[in-house]
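See structure below.
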RNA sequence: GCUGCUGUAGCUCAGUGGUAGAGCGCGUCCUUGGUAAGGACGAGGUCAUGGGUUCAAAUCCCAUCAGCAGCUCCA
C-alpha cells in the first residue's frame, strides 16, 4: 500500500505501486496535464518516480503555475550558468546566485572580466550542460567539512559566507552536477531538462554582500522560462515596457528637457509638461483649501545658521550643493591665503555665514510658525508650499524625472498637539488617497516605518513614539488596503508612512510620504500656549502626497503611457481638415472651441487626412475633430477618439458639452 | 560614488584607419485627398569635449563631460 499526504493535509491511499503522475491523474486530468514534477518530502522528483510504499509521504505536485516552480527552475539555471562560466573562464569565484522577479543572476569574480561578447559562448556551453542531463545531487556536510570543501574548491566567498552568514548552521547542503559543486540550500529541478528557454541579459557591477566598502563583483543577469514562447513573450513585454518609459515619452511628446549645459538632474519643463504640472498643482491646491491648509511662499535659499539649527548642516553636507558665501568676505579670505578645507571648517564652526540652497522646506515653514506666539486655539496650523529643493544626489543615481537634483515637493508641515496627531495623520492619508484615486493609480504599496526597538538613535519620548506609531498604523488602515510595517525604517525623528509605486521597468520609487517629527520642534524650541496657560511643544507632520512633482509626473507619464486624460492633456483636441477647402470652416470651429475654454489646436496642412490622423495618434491627442465639406454644410464635426476611433458626426455644441463633461468628471 | 556599455543630422540609428550615410522630421513645390504614412526637390553634421598615436582618426589609446543598466546611497 502506498499513501501520500497532499499539501491540504488530505491523505490518499493506493493499493498498487503508483508514480507521481498517477497521483496527479487521480486528483484530476487537468492537474496531470499541468504537472511538471513532484516534491516528495520536499525533494524534487520526476513525474514517473514511483512512490515508495509504507509510511505516508508528503507529496506536492508542481505545475508551471506553482509560484515556486519557475523560481526553482531559474535557480537551477543559475547553477548551469555558473558552471558554464567556470568552464569558459577558469579561476572564477562564485558569490550568490538567486532567482529574481524577472529571472536570476549570479555574482562572480573572474580573473579576466566577462563582457557581453562572452554571452553566446556561455549560452552555448549552458545548452551543452543541459543536454548532458546530469541530475542536481544534494550532498549534506557538517560545518568543518563544508568549509574544507569550499576551500578545496578555492571558493573564498563561500567559505566566508559559511563562517559568517551561516554561522549558526550545523550542517550545510551542496548541490553537485558533474564536476560542478556549489554551496546551496536548494531545491533544484529533478532534471536539467526541466530548464526550458534561457537567455543572458546583461552584466553589471554589484558589491559583495551589498556593501560598498567591499569588493565589486560582476553580476550576470539572465532569465529563463519553461517554454521558448514564454521567453519570447517576456522579451517582447520588456520591449513594450520600454516604450512607456517617461524619458522616451517625455522627449517624444515634448514634456520636459534636460540639458547638459544647465546641469545633471535639473529639469527644464517645456510648455506641455509645464501645463500638466500646473494642472496637478491646481488639483492639489483645491484639495488643500478643502482640508484647511494655508499656502505660503518661501525663498530658495536660507542662511547656514538656519540649517545648523535644523541639523541639516553640516550633517548632510555631502548631499547638498556647496554653500554660497558673501563675495567680499570670500576675497578677503583668499587674500589671507585661506584654503578650501579651512573655508569648509570655518563654515562648520560658524565663523563664516553663508547661504545654502534649501535641501528641505521645513526650516522655512518652522520660522513662519515661530513668527508669532501660538495658542492651542490656533492649532493645527497647516502650512503648504510647492517648494523647490536642491540636493546633491550621487551622479550615478540621477536619471529622468525620478531622481533629480532640483525638485519641487508638494510639501506641507502641520503643527499639531499630541491629541490632534491621529486625526491629522488620517487627514494626510485621505489626501494621498484622493490624489492617487483621481489619477487611477491604485497600484502602489504602503509602508509604515517604525523604530528599531534595539536602537537608541531615536529622538523623543518612547511613550510618544508608541502613540505616534499607533496613530500611523491607524491612519494607514483608513486606506482600506494592505500595508507593511517595517521596524527600523522610521526616521530618527519619528515614524512615517510611505507610498511606493513601480516604474515601467519594475523599479520601486517612493512617492508620497507622511512623517511624524519630534526632533525639529525641539531643535527650534517651538511652543504654543495650552488651555492650562503653560507652554507646550507642538508635534510636526511633514507630508507630500506626490512626493515631488518631478517624480510623480515621471510615474504618471508611464502610468498613462503618455495618453493623458482630457483634463490633464495640454492639447485636448485637434481639428483636422479633410482638404484646404475646409480651412475656413475649421477656423470657425477652432474659435468656438477656444471660446468655450477648450485647448484645441488645428492641422491645416495640405496633407491627406490619413496622415493627419496618424500624426494626431502619435501625439496621443484625446480627440480629433475632422472637418470636411459635409461638416461645413451641416455645422458638425466628425469626432475621433484616440482609442475608440471614429465616433461619427455631432454638432460643435454637442462636442463642446461632451468635452466639458469629461473634464468635469476627470474621466 | 563604483563597475560595465554608449555618445554620428532635430529624432532613431548604420558606418570599425583612406571623400560623412539612411529613415523619420523640417523647408519649397506639385497634389485637394473623409478616419493610421501621396509625390518631387532641397536644406541640415567641427562625428560629445580635450589630448595622444598615425602619412591619414568618426573609427585606435588616454582624460573629461553626459546618457543607459546594475550596485551603493536617498535627511
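Numbering (this note's numbering), first residue to last: 362 to 1028. C-beta atoms are modelled at their ideal positions from N, C-alpha and C, and glycine is treated no differently. Since the model is a prediction, treat every value here as computed from it, not as a measurement.
Less than 7 angstroms between the C-beta atoms of residue 932 and residue 974, yes or no? Contact flag unset, no.
Within this structure, are the beta carbons of residue 452 and residue 584 separated by less than 7 angstroms? Not in contact: residue 452 and residue 584 (Cβ atoms no closer than 7 angstroms).
Given a cut-off of 7 angstroms, decide if residue 442 and residue 467 are closer than it, judged by their beta-carbon atoms. Going by beta carbons, residue 467 and residue 442 fall inside the 7 angstroms limit.
Backbone secondary structure at residue 530 - three-state DSSP: Residue state, collapsed to three classes: coil.
Residue span of the alpha helix (DSSP H) that contains residue 627, given as start and end: Neither: residue 627 is in no alpha helix (DSSP H) and is coded neither H nor E.
Whole-angstrom C-beta distance between residue 484 and residue 460, which should lie under 8 angstroms: Between residue 460 and residue 484 a beta carbon distance of about 18 angstroms is seen, past the 8 angstroms cut, so the two are scored as non-contacting.
Among 766, 481, 365 and 389, nearest to residue 379 - alpha-carbon criterion: For residue 379, the closest alpha carbon among the candidates 766, 481, 365 and 389 is that of 365.
Just curious, the beta strand (DSSP E) that residue 1029 is in, first and last residue? One cannot answer for residue 1029 here, as it falls past the ends of the chain, which runs 362 to 1028.
How is residue 806 classed by DSSP in three states: helix, strand or coil? The three-state secondary structure of residue 806, taken from DSSP, is strand.
Uninterrupted beta strand (DSSP E) stretches inside the segment 817 to 861 (no shorter than 3 residues): Counting only runs of 3 or more, we get 845 to 848.
Any idea if residue 618 is buried or exposed, counting beta-carbon neighbours within 10 angstroms, 16 or more meaning buried? It counts as exposed.
Have a look at residue 904 and residue 976 and give me their C-alpha separation to the nearest angstrom. Taking the straight line from one Cα to the other gives about 41 angstroms.
Per DSSP, what kind of secondary structure is residue 939 in: helix, strand or coil? Coil.
Would you mind sorting residue 748 into buried or exposed? The rule is 16 or more other CB atoms within 10 Å of its CB. Flag for residue 748 reads buried.
Exposed or buried, residue 708, counting other C-beta atoms within 10 Å across all chains shown (16 or more means buried)? In summary, residue 708 is buried, with 16 or more beta-carbon neighbours lying within 10 Å of its beta-carbon over all protein chains present.
Just the C-alpha distance for residue 620 and residue 754, rounded to the nearest angstrom, thanks. Going by C-alpha positions, residue 620 is about 17 angstroms away from residue 754.
Please report the straight-line C-alpha distance between residue 799 and residue 920, rounded to a whole angstrom. Those two C-alpha atoms are separated by around 13 angstroms.
Per DSSP, what are the beta-bridge partners of residue 697 in this structure? According to the DSSP secondary-structure assignment, residue 697 is paired through a beta bridge with no residue.
CB contact flag (residue 762, residue 911, <7 angstroms): Yes. Within cutoff.
Contact between the segment 770 to 783 and the segment 801 to 821 (3+ Cβ pairs under 8 angstroms): Fewer than three Cβ pairs drawn from the segment 770 to 783 and the segment 801 to 821 lie within less than 8 angstroms of each other, which leaves the two stretches out of contact.
Tell me the start and end of each unbroken beta strand (DSSP E) in the segment 944 to 1012 that is at least 3 residues and wholly inside, in chain order. When DSSP assignments are scanned along the segment 944 to 1012, the uninterrupted stretches of beta strand (DSSP E) that are 3 or more residues long and fall wholly within it turn out to be 961 to 964, 984 to 988, 997 to 1002 and 1006 to 1012.
Is it true that the CB of residue 767 sits closer than 7 angstroms to the CB of residue 627? It is a contact, given that the beta carbons lie within the stated cut-off.
Boundaries (first-last residue) of the beta strand (DSSP E) holding residue 715: Following the DSSP letters along the chain, one finds residue 715 inside the beta strand (DSSP E) bounded by residues 715 to 718.
Can you name the start and end residues of the beta strand (DSSP E) that residue 743 belongs to? Boundaries of the beta strand (DSSP E) harbouring residue 743: 742 to 751, taken from the DSSP string.
Nearest to residue 383 by CA position, among 408, 401, 402 and 403, is which residue? Comparing Cα-Cα distances from residue 383 to each of 408, 401, 402 and 403, the minimum goes to 408.
Nearest residue (CA-CA) to residue 881, options 853, 860, 895 and 414: With distances taken between Cα atoms, residue 881 lies closest to 853.
Whole-angstrom distance between residue 535 and residue 677, CA atom to CA atom: Rounded to whole angstroms, residue 677 to residue 535 spans 45 angstroms at the Cα level.
Rank 565, 587, 586 and 588 by C-alpha distance to the C-alpha of residue 577 and give the top, closest one. Among 565, 587, 586 and 588, the Cα nearest to that of residue 577 belongs to 565.
Can you give me the C-alpha to C-alpha distance between residue 636 and residue 928, rounded to a whole angstrom? Cα-Cα distance, rounded: 11 angstroms.
Can you name the residues that DSSP bridges to residue 563? Looking at the DSSP assignment, residue 563 forms a beta bridge with 582.
First and last residue of the beta strand (DSSP E) that includes residue 877? Taken as a continuous stretch (DSSP letters only), the beta strand (DSSP E) holding residue 877 covers 869 to 878.
Out of 737, 985 and 823, point me to the one whose CA is closest to residue 1004's CA. Considering only alpha carbons, the answer is 985.
Can you have a look at residue 786 and say buried or exposed, based on whether 16 or more other CB atoms are within 10 angstroms of its CB? In summary, residue 786 is buried, with 16 or more beta-carbon neighbours lying within 10 Å of its beta-carbon over all protein chains present.
Looking only at C-alpha atoms, which of 605, 963, 951 and 851 sits nearest to residue 816? It is 851 whose Cα lies nearest to the Cα of residue 816.
Output yes or no for whether 7 angstroms exceeds the beta carbon distance between residue 822 and residue 849. No.
Mark residue 839 as exposed unless 16 or more other C-beta atoms lie within 10 angstroms of its C-beta, in which case mark it buried. For residue 839, the number of other beta carbons within 10 angstroms of its own is below 16, and it is reported as exposed.
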